[in-house]
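Numbering follows our numbering, with no gaps: position 50 of the sequence shown is 50. Glycine included, every Cβ here is placed at the ideal spot set by N, Cα and C.
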Amino acid sequence: ESVDPVYFDGTYYLAPDKGGAKPYSLLAIALKKAKQCAIGRWISRGKEHIVILRPMDDGLAMHQLHFKAEVRTIKELGVEAAPVSEAELKLANQLIEQLAAKRFDPNEYLDEHRGRVEAAIQRKVEGKEVSMAEAPTFSVGSNVVDLMDALKASLNARGSKAADVKERKTPKKAPAPGEAASSRKSSRR
Numbered sequence: 001e002s003v004d005p006v007y008f009d010g011t012y013y014l015a016p017d018k019g020g021a022k023p024y025s026l027l028a029i030a031l032k033k034a035k036q037c038a039i040g041r042w043i044s045r046g047k048e049h050i051v052i053l054r055p056m057d058d059g060l061a062m063h064q065l066h067f068k069a070e071v072r073t074i075k076e077l078g079v080e081a082a083p084v085s086e087a088e089l090k091l092a093n094q095l096i097e098q099l100a101a102k103r104f105d106p107n108e109y110l111d112e113h114r115g116r117v118e119a120a121i122q123r124k125v126e127g128k129e130v131s132m133a134e135a136p137t138f139s140v141g142s143n144v145v146d147l148m149d150a151l152k153a154s155l156n157a158r159g160s161k162a163a164d165v166k167e168r169k170t171p172k173k174a175p176a177p178g179e180a181a182s183s184r185k186s187s188r189r
């Protein structure tokens, strides 16, 4: 929790080499009981990285981190501060409260792009014509919206679903990840 997620680069599942099960288990259990992570250095492909080792289920995960110089600050974008009215803020907070979940559940989200690619591959396997349509393009500033109207519309649209959203605040338990092999990159794609 003390590391800003902007520093996270990649996640690897770690497994012990032959004869290393005891120290591996000891470290995983000790970190889990202490509710702590370990910070270290790791060299991969000739480059040094900062890493965090943390307990995950019955094993260890290693998160590779960016160095400070590799991360841009939001100030570098030059975003102008825009005035926000109390009414807009109140509506936005109501919408956030309606949509809030206690935990992120990856099972609630589908990779639509992957689904389209797999469907195209299947059509190609079946000998059918395949054409990948390009994603729609939007011109900047072409869709000027009254913020209050948009917030009210979102709240009204969600109003009938508010009970569903409140029920969803208790996430479904995600299935346990499969067996991890030694130091393999996680499948976050």
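Range of the contiguous alpha helix (DSSP H) that encloses residue i
i, result
"residue 53", "First-last for residue 53: 47-56, but that is the beta strand (DSSP E), not the alpha helix (DSSP H)."
C-beta contact flag for residue i and residue j at 7 Å
i, j, result
"residue 155", "residue 94", "yes"
Spatial neighbours of residue i in its chain, beta-carbon cut-off 8 Å, leaving aside the 5 residues before and after
i, result
"residue 29", "55"
"residue 41", "48, 49, 50, 51"
"residue 24", "14, 15, 16, 59, 60"
Boundaries (first-last residue) of the beta strand (DSSP E) holding residue i
i, result
"residue 85", "It is not in any beta strand (DSSP E) - residue 85 carries neither H nor E in the DSSP assignment."
Residue i versus residue j - alpha carbon distance
i, j, result
"residue 165", "residue 99", "Per-residue confidence for residue 165 stands at a pLDDT of 41, beneath the threshold of 50, marking its modelled position as unreliable; no derived number is given."
"residue 190", "residue 120", "An answer regarding residue 190 cannot be provided, because it is not within the stretch 1 to 189 covered by the chain."
"residue 85", "residue 149", "14 Å"
"residue 36", "residue 126", "52 Å"
"residue 47", "residue 157", "50 Å"
"residue 72", "residue 78", "12 Å"
"residue 6", "residue 80", "21 Å"
"residue 75", "residue 18", "48 Å"
"residue 97", "residue 83", "22 Å"
"residue 122", "residue 12", "31 Å"
Close-in-space but distant-in-sequence residues of the same chain around residue i (CB under 7 Å, 5 per side omitted)
i, result
"residue 151", "88, 91, 92, 95"
Cβ separation of residue i and residue j, assumed to be a contact under 8 Å, to the nearest whole Å
i, j, result
"residue 65", "residue 43", "14 Å between Cβ atoms; not a contact."
"residue 14", "residue 59", "7 Å"
"residue 63", "residue 8", "6 Å"
"residue 117", "residue 124", "Contact flag wrong, Cβ pair sits at about 11 Å."
"residue 38", "residue 53", "4 Å"
Any C-beta of chain D under 7 Å from that of residue i
i, result
"residue 49", "The displayed structure is made up of one protein chain only, and chain D is not part of it."
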